[in-house]
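Working notes for the structure below.
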Amino acid sequence: MEKIASFTIDHIKLQPGVYVSRTDKIGNEVITTFDLRMTSPNEEPVMNTAEVHTIEHLGATFLRNHPEYKDKTIYFGPMGCRTGFYLLLAGSLSSRDIMPLMVEMFEFIRDFNGPVPGASPKDCGNYLDMNLPMANYLAKRYLENVLYHIPADRLVYPE
92 MEKIASFTID HIKLQPGVYV SRTDKIGNEV ITTFDLRMTS PNEEPVMNTA EVHTIEHLGA
152 TFLRNHPEYK DKTIYFGPMG CRTGFYLLLA GSLSSRDIMP LMVEMFEFIR DFNGPVPGAS
212 PKDCGNYLDM NLPMANYLAK RYLENVLYHI PADRLVYPE
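For this note's numbering, count along the sequence shown from 1 and bump the result up by 91.
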C-alpha cells in the first residue's frame with residue numbers, strides 16, 4: 092500500500108508551526124489543508140484530550156463565526172497524535188496568508204473565559220472532557236513561542 096502524504100513528513104525534524112499539509116481540487120474548488128503544529132512531535136508531551144477537545148470547540152466556534160472565513164471553513168479538528176490541529180479552508184492559500192487569522196483565533200482561545208460553546212450533553216457526545224484553563228495556557232504558549240514571531244522555516248515543512 093502507498094504511504095499517505097502526511098506520513099512522509101519527517102516528524103523528527105518537524106517543529107511547532109503553521110504548514111500547508113496539502114491542497115486538493117474538488118471540482119472547481121481548491122481546498123487547502125493546514126497543519127497547525129502546536130507541540131514538537133516525539134520530543135515533548137502531547138496535549139491531553141480535554142484541552143484538545145476544548146481548543147476544538149473554541150476554534151471551530153471562532154472560525155464558523157469569523158466575518159471573512161466562516162464560509163471558507165471546511166473543517167477544524169485535532170490530529171490523532173495530539174500534537175496539533177488540521178484546518179481545511181476553501182481556496183488556494185499559503186501559511187503566510189492565514190497568519191493573521193491564526194493569531195486572532197489563538198488570542199480568542201487564550202482569552203476565552205466562560206462556558207465552552209457546545210459543552211453540554213445535548214450538544215456534545217463527551218461534554219465533560221473539557222479543560223479550559225489548559226486550553227487557555229496552550230493557546231498562549233503557541234502564540235508566544237510560535238505565532239507572534241514565526242520564522243520562515245516554520246511555515247514550510249522541513250526537507
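Don't be surprised by glycine CBs; every beta carbon is placed ideally from N, CA and C.
Collapsing the DSSP output to three states places Leu223 in a helix.
A buried status is given to Asp126, since no fewer than 16 other beta-carbon atoms sit within 10 Å of its beta-carbon. Apart from sequence neighbours up to five positions away, the residues of its chain that approach His102 with a beta-carbon distance below 8 angstroms are Pro132 and Asn133, ordered along the chain.
Contiguous alpha helix (DSSP H) elements confined to the segment 136-207 occur at 140-156 and 186-202, taking only those with 4 or more residues.
DSSP places Asp244 in the helix class (H, G or I) of the three-state scheme. Separation of Leu229 and Ser185 (C-alpha to C-alpha, rounded to the nearest whole angstrom) is 24 angstroms.
Here Ser211 carries a coil assignment [DSSP, helix/strand/coil].
Around the beta carbon of Ile146, a 10 Å sphere encloses 16 or more other beta carbons of the protein chains shown; the residue is thus reported as buried.
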